[in-house]
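Residue numbering for the sequence shown follows the UniProt record's numbering, starting at 1 and increasing by one per position. Cβ atoms here follow ideal geometry from the backbone N, Cα and C, with glycine treated the same way. Keep in mind that this is a model prediction, so the values were computed, not measured. For reference, the structure discussed in these notes is given below.
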Amino acid sequence: MERKPSQYGLLRRFVHGLVGGVAGASAASVAQSEPPAAPYDAGLLSKAQLLWREGDWIGLVAMEQASLQHHPERAMLALLIATAHQQMNSPQVAAQFVRLACDWGCSGAQLAQVLIAGVHHTLGRGELLLQNERKACTHFALAAQAGADRSIAGRSRAAIEQDRIARAAAMHPRSAATVAAVPAPPDEPFAPPELFSEGIVSYAQNFEDVMLWRALRRVDNGCYIDVGAFHPVHDSVSRGFYEKGWRGIHVEANPAFAALLREDRPDETVMQVAVAATKGSMRFFEFQDFPSESTGNERHALIRREQGARINELDVPCITLADVFAQAQGREVHWLKIDVERMEREVLAGWGGTLMPWIVVVESALPHSKIENFLEWEYLLTGRGYKNVYFDGLNRYYVSPLHADLGALFLSGPNLFDNFRLSGTGGPYSELVNGRHRQREASLVDEIDRLKEQLAASGPPADR
């Protein structure tokens, strides 16, 4: 008689597929690897375990990777943080922490135990949403740490999650129903663009405007916020939208570029300030040769100065992202772009109020590098329910939980169906347009010279 797989067997198979067999590769490394001797927080693991038992995922993901580096229990800490990211719908970040846990000596048994518990927690939340409290308590009990009173732990976790769900519904009442992000025919839920419909003229550095227009093209007279706006035309994410009738708010600390923005966009709000976690003033480092790299990050400026960069220093006022949001005056904000050269965490830490831009784009690659730094700040977005839906090699794109269906429009990069045109002023691709213009100009000059020669050879016009 064929034996049916147990519930645990099915869950273990699911977890094995989730991590791509990483657990098996590290099963031989049962013992923790020995990190270099250095000071560490002896109570960090106990704190992390308490946060995990209480389902405090935001508290867990807020733990910085640097604080784990020298901890003797760093493998288990990384694993607990991985499950928190998984619960907050950040599977890519979760996978990175799983790899760290394995590299640091996490055993296959530990990996399976914690991730299976995470699966039970997800199932428990699902049962709560379906109002099956008894089944939810069963799953939460199975998710509880071995040795605890599972019955009590299950009921406690169910109560915590029920309260969390209720608070989320109160904060975002529209999330309880299906929210149409953009008007669409009833039989077309994601409203994919028609073949070769009118696209956008792209001015952006890396086709950010093309991707945003694909998702938001059905919105008339929309609103945007551009933090680190730079130039009104060159490498501008907003210029194409401005030409489509959109209006928004620009934040630019560089005095020269703030002046250019005011001149080019007199009907928009231009804020000549920096954005940080708190109000006040800060030292701003203005790069003379690469002005787009200007930043409030002193460490980055110091490194670049040692490499020969010419930098001016000036004091600028700084406000919080909540202050910027207040300038929207109740308008719906359809996209928020943040390009602040290693100041991302400081900017996002100042988020306040109830405003939820539909899409948030954050530059996640370090300047002049392919190395990403999103682990430093992404938790500030996922903690608000935002989900990463696309990475373009330079930026990460997040959609609001109120408009989650927009994520389906980020399954592919820019392509011919976006029907966009290059402006000739954005990114390295503009050289394609400019090269064609130069060829055309040279051809016209040759044609003029040829016609002049023909005219001279024909002699003066006959007298009439």
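Throw me the rounded Cβ distance for the S202 and G240 pair, which I believe falls under 8 Å. Start at 1 with the first residue of the sequence shown, and residue 202 comes out as number 202. Start at 1 with the first residue of the sequence shown, and residue 240 comes out as number 240. With 8 Å as the limit, S202 and G240 qualify as a contact, their Cβ atoms being about 6 Å apart.
Where H250 falls: helix, strand or coil (DSSP): Numbered from 1 along the sequence shown, position 250 holds the residue referred to as residue 250. Correct three-state label for H250: strand.
Report the partner residues of D315 according to the DSSP bridge assignment. In the sequence shown, counting from the first residue as 1, residue 315 sits at position 315. D315 is bridged to R283.
Could you check the C-alpha separation between D41 and A48 for me, to the nearest Å? Reading the sequence shown from its first residue, position 41 is the one you call residue 41. Reading the sequence shown from its first residue, position 48 is the one you call residue 48. Their Cα atoms are separated by approximately 11 Å.
According to DSSP, is V227 helix, strand or coil? Taking the first residue of the sequence shown as position 1, residue 227 is located at position 227. Looking at V227 - three-state DSSP - the assignment turns out to be strand.
Neighbourhood of E286 by C-beta distance below 8 Å, restricted to the same chain and skipping five residues each side: Counted from its first residue, the sequence shown places residue 286 at position 286. Same-chain partners within the cutoff: N254, S294, I311, N312, E313 and L314.
Could you tell me the alpha carbon to alpha carbon distance between R421 and L44, rounded to whole angstroms? Taking the sequence shown and counting its residues from 1, one reaches residue 421 at position 421. Taking the sequence shown and counting its residues from 1, one reaches residue 44 at position 44. The straight-line gap from Cα to Cα measures roughly 53 Å.
A95 to A442, Cα distance in whole Å? By one-based count along the sequence shown, residue 95 stands at place 95. By one-based count along the sequence shown, residue 442 stands at place 442. Between A95 and A442, the C-alpha separation is close to 54 Å.
Backbone secondary structure at R304 - three-state DSSP: On the sequence shown, position 304 is the one that residue 304 refers to. Three-state result, R304: helix.
Local conformation of A23 per DSSP, three classes: Position 23 of the sequence shown holds residue 23. Caution is warranted here: a pLDDT of 39 is assigned to A23, below 50, making its placement in the model unreliable, and no coordinate value can be reported.
The beta strand (DSSP E) spanning L394 covers which residue range? Taking the sequence shown and counting its residues from 1, the one referred to as residue 394 is at position 394. Unbroken run through L394: none, as it is neither H nor E.
6 Å CB neighbourhood of L79 in its chain, flanking five on each side removed: By one-based count along the sequence shown, residue 79 stands at place 79. Excluding positions up to five away in sequence, the list reads A101, C106 and V114.
Spatial neighbours of Q454 within its chain, please: C-beta separation below 7 Å, excluding the five flanking residues on both sides. Here residue 454 corresponds to residue number 454 of the sequence shown, with the count starting at 1. Within the same chain, Q454 has no close Cβ partners at all.
Which residues in the same chain as P367 place their Cβ atom closer than 6 Å to its Cβ, once the five residues preceding and following it in sequence are excluded? On the sequence shown, residue 367 is found 367 positions in, with the first residue counted as 1. So the list reads E293 and E341, once near-sequence residues are dropped.
Checking 8 Å against the spacing of the C-beta atoms, do G118 and A136 come in under that value? Residue numbering aside, residue 118 sits at position 118 when the sequence shown is read from its first letter. Residue numbering aside, residue 136 sits at position 136 when the sequence shown is read from its first letter. Their beta carbons are not under 8 Å apart, which means G118 does not touch A136 by this criterion.
Taking the straight line between their C-alpha atoms, what separation do you get for A326 and G353? Here residue 326 corresponds to residue number 326 of the sequence shown, with the count starting at 1. Here residue 353 corresponds to residue number 353 of the sequence shown, with the count starting at 1. Roughly 9 Å between the two C-alpha positions.
Whole-angstrom distance between P91 and R74, CA atom to CA atom: Your numbering for residue 74 matches position 74 in the sequence shown. Your numbering for residue 91 matches position 91 in the sequence shown. Rounded to the nearest angstrom, the two C-alpha atoms are 20 Å apart.
On the CB-based measure, 16 or more other CB atoms within 10 Å of its CB, does L381 come out buried or exposed? Locating residue 381 in the sequence shown gives position 381, counting from the first residue. Looking at its Cβ environment, which holds 16 or more other Cβ atoms inside 10 Å, L381 is buried.
For residue 471, I'd like the list of residues in its chain whose CB is within less than 8 Å of its CB, leaving aside the five on either flank, ordered along the chain. This structure gives no information on residue 471, because the portion of the chain shown stretches from 1 to 464.
Could you tell me which residues DSSP pairs with W335 in its beta bridges? Locating residue 335 in the sequence shown gives position 335, where the first residue counts as 1. Partner(s): Y224 and I359.
Residue range of the beta strand (DSSP E) that M271 falls in? The sequence position of residue 271 within the sequence shown is 271, counting from 1. Counting along the chain, the beta strand (DSSP E) containing M271 begins and ends at T269 to M271.
Beta-carbon within less than 7 Å of M356's beta-carbon, same chain only, minus the 5 sequence neighbours each way: which residues are those? For the purposes of this step, residue 356 is taken as the residue at position 356 of the sequence shown. Result list for M356: S400 and L402, in chain order.
Report buried or exposed for K370, applying the criterion of at least 16 other Cβ atoms within 10 angstroms of its Cβ. As a first step, residue 370 is located in the sequence shown; it is residue number 370 there, counting from the start. K370 should be labelled exposed.
What did DSSP end up calling A256 once you bin it into helix, strand or coil? Locating residue 256 in the sequence shown gives position 256, where the first residue counts as 1. In the structure shown, A256 sits in a helix (DSSP, three-state: H, G or I).
Could you tell me whether the stretch 404-423 touches the stretch 213-225, where touching means 3 or more Cβ pairs closer than 8 Å? yes
Under a Cβ-count criterion, where at least 16 other Cβ atoms within 10 Å of its own Cβ denotes burial, should E243 be classed as buried or exposed? Position 243 of the sequence shown, counting from 1, holds the residue named residue 243. Burial call: exposed.
Since R345 is in the alpha helix (DSSP H), which residue starts that stretch and which ends it? Taking the sequence shown and counting its residues from 1, the one referred to as residue 345 is at position 345. E344 to A349 is the extent of the alpha helix (DSSP H) around R345.
Using the DSSP secondary-structure output, state which residues sit across from S364 in a beta bridge. Within the sequence shown, numbered from 1, the residue matching residue 364 stands at position 364. None; S364 has no bridge partner.
Closer than 7 Å by C-beta to A62: which residues in its own chain qualify, once you throw out the five before and the five after it? Chain order, please. Residue numbering aside, residue 62 sits at position 62 when the sequence shown is read from its first letter. Answer for A62: Y379, listed in chain order.
In the DSSP output, what is S202 paired with across the bridge? In the sequence shown, counting from the first residue as 1, residue 202 sits at position 202. Paired residue(s): L422.
Spatial distance of L260 from L51 (CA atoms): For this step, residue 260 is matched to residue 260 along the sequence shown. For this step, residue 51 is matched to residue 51 along the sequence shown. For L260 and L51, the distance between alpha carbons rounds to 49 Å.
For my contact list, M282 and V333 are in at a C-beta cut-off of 8 Å; report their separation, rounded to the angstrom. Working through the sequence shown from its first residue, we reach residue 282 at position 282. Working through the sequence shown from its first residue, we reach residue 333 at position 333. Not quite, the Cβ-Cβ distance comes to about 25 Å (not below 8 Å), so this is no contact.
Indicate whether E252 and F230 have their beta-carbon atoms separated by less than 8 Å. For the purposes of this step, residue 252 is taken as the residue at position 252 of the sequence shown. For the purposes of this step, residue 230 is taken as the residue at position 230 of the sequence shown. Result yes, Cβ atoms of E252 and F230 sit closer than 8 Å.
With the cut-off set at 8 Å, would you say V347 and V275 are in Cβ contact? Translated into the one-based positions of the sequence shown, residue 347 becomes position 347. Translated into the one-based positions of the sequence shown, residue 275 becomes position 275. In contact: V347 and V275 (Cβ atoms closer than 8 Å).
Cβ neighbours of K337 in the same chain (closer than 6 Å, five flanking residues each side left out): Position 337 of the sequence shown, counting from 1, holds the residue named residue 337. Result list for K337: D226, V237 and V361, in chain order.
When the Cα atoms are used, what is the spatial distance from G424 to E263? Translated into positions along the sequence shown, residue 424 becomes position 424. Translated into positions along the sequence shown, residue 263 becomes position 263. Spanning the two alpha carbons is a distance of roughly 21 Å.
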